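J.: Please find one structure pasted underneath; my questions will follow.
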Amino acid sequence: MTTSCNIPGLEVPRSRFPDPEQDLDDSAGAAHVVLAGGCFWCVEAVFLAINGVTFVESGYAGGSADTANYEAVCGGQTGHAEVVDVHYDPSKVSFGQLLKVFFSVAHDPTQLNRQGHDRGTQYRSAVFYETLEQKRVVEAYIRQLDAAGVYPEPVVTRLEPLEAFYPAEAYHQNFAAQNPYQPYVMAVAAPKVEKLEKTYSDYLKPDYRNDDTA
């Protein structure tokens, strides 16, 4: 991972990002979604701050079990993407609200097989859907964002069925919080979290503090 990256949405005010016109039913209890948006350290740091998110695990999806390790995935030939598995309470935060953060803060959805200077299919923009309802809502929101002209380029986020999620190595979990002064975290993850704090302060956990990485 390199130490510089575009910060998505910095020039786009919150008012330009519409709420999803479609969403999932919030009566089903605990839920989760697997998202790929570049370096999993950064995406994880963003979603851990959101009220209603109960657990976030970094990992790999899109490839096979025998290549689900950091060294192999970094080679860009495994089919895997770096992903986060976001577990949440739908009574506190909706699937649609998580998508709004994903598309506006967590990464730049107009970049396909890269995020900033991180290049390769392992850094692709993707939602690994587990149900057809998830797929339907994401597809509808992508159409909505493109129709609104939120970005100057079209959203290129891929929708891929979730065949399996493989947890990443233990040292990758909660990496930004555990390593706040690591150069990549300071250059890439921290600005995204700061963007979340400034733009979606009402989404933050009540006891949220980010003194180390903001």
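Just so you know, we're using full-length UniProt numbering here: the sequence shown kicks off at 1 and counts up by one.
All C-beta atoms in this analysis are idealised placements derived from N, C-alpha and C, irrespective of residue type, glycine included.
Since the model is a prediction, treat every value here as computed from it, not as a measurement.
1) When you compare only the Cα positions, how much space is there between Tyr129 and Pro154?
2) Nearest by alpha-carbon distance to Asp85: which of Val150, Ala31, Leu159 and Lys192 is it?
3) On the DSSP bridge list, what partners appear for Phe103?
4) With H, G and I counted as helix, E and B as strand and the rest as coil, what does DSSP make of Thr110?
5) Where does Thr121 fall in DSSP's three states?
6) From Ile50, Asn51, Val56 and Cys74, pick the residue whose C-alpha is nearest to that of Arg119; which is it?
7) State the start and end residues of the unbroken beta strand (DSSP E) segment that holds Asp85.
8) Does DSSP put Ala72 in a helix, a strand or coil?
9) How should Glu57 be labelled, buried or exposed, when 16 other C-beta atoms within 10 angstroms of its C-beta is the threshold for buried?
10) How would you label Asp108, buried or exposed, when you count the other beta carbons within 10 angstroms and need 16 or more for buried?
T.: The short version:
1) 20 Å
2) Minimum Cα distance to Asp85 is reached at Ala31.
3) For Phe103, which the question treats as bridged, DSSP gives no partner whatsoever.
4) coil
5) Residue state, collapsed to three classes: helix.
6) Cys74
7) Ala81 to Tyr88
8) helix
9) buried
10) buried
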